[in-house]
Amino acid sequence: MTDLSIVGLGGSYRVLADGRAQPGHYTSAGNAIAALPGVQRRLRPITRRACLCCGQAFNSLGRGNRLCQPCKEEMA
Ligand SMILES: [Zn+2]
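At position 44 of the sequence shown the residue is numbered 57 (the numbering used here), and the sequence of numbers has no breaks.
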């Protein structure tokens with residue numbers, strides 16, 4: 014998971030992802046916080062993978078994510 018933080022600089026706010034400034038300036042901390050889910054979504058690479066359990070293609074959310082949601086729930 015990317016580490017997101019917000020910094021205020023001279024009256025504008027920026028979102029940092031793992032310490033790197035993301036495009037976009039916000040006029041308040043609240044606006045920057047509201048933008049976080051969108052930034053997070055944009056940063057996350059979406060990979061289609063075949064589930065190791067049932068073989069169904071699904072959107073993998075990360076390197077360790079090899080099972081589709083139904084199979085993951087079944088194993089939990
Ligand atoms: Zn599966």
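Even glycine gets a Cβ: it sits at the ideal position worked out from N, Cα and C.
Computed from a prediction, not measured in an experiment: that's the story for all the values here.
CB-CB under 8 Å to residue i, same chain, minus the five flanking residues each way: which ones, in chain order?
i: residue 61; result: 70, 71, 72 and 73
Hey, is residue i close to ligand 1, as in C-beta under 7 Å from one of its heavy atoms?
i: residue 74; result: no
i: residue 83; result: yes
i: residue 17; result: no
i: residue 80; result: yes
i: residue 53; result: no
i: residue 35; result: no
Could you please give me the residues that DSSP links to residue i through a beta bridge?
i: residue 15; result: Paired residues: none, contrary to the question.
i: residue 63; result: 70
i: residue 52; result: Residue 52 pairs with nothing; no bridge assigned.
i: residue 27; result: 20
i: residue 89; result: Note: residue 89 sits in no beta bridge, so no partner.
Sorted by chain position, which residues of the same chain lie with C-beta nearer than 6 Å to residue i's C-beta, five sequence neighbours on each side aside?
i: residue 63; result: 70
Excluding the 5 residues flanking residue i on each side, which residues of the same chain have their C-beta closer than 7 Å to its C-beta?
i: residue 28; result: 17, 19, 35, 37, 45, 48, 49 and 52
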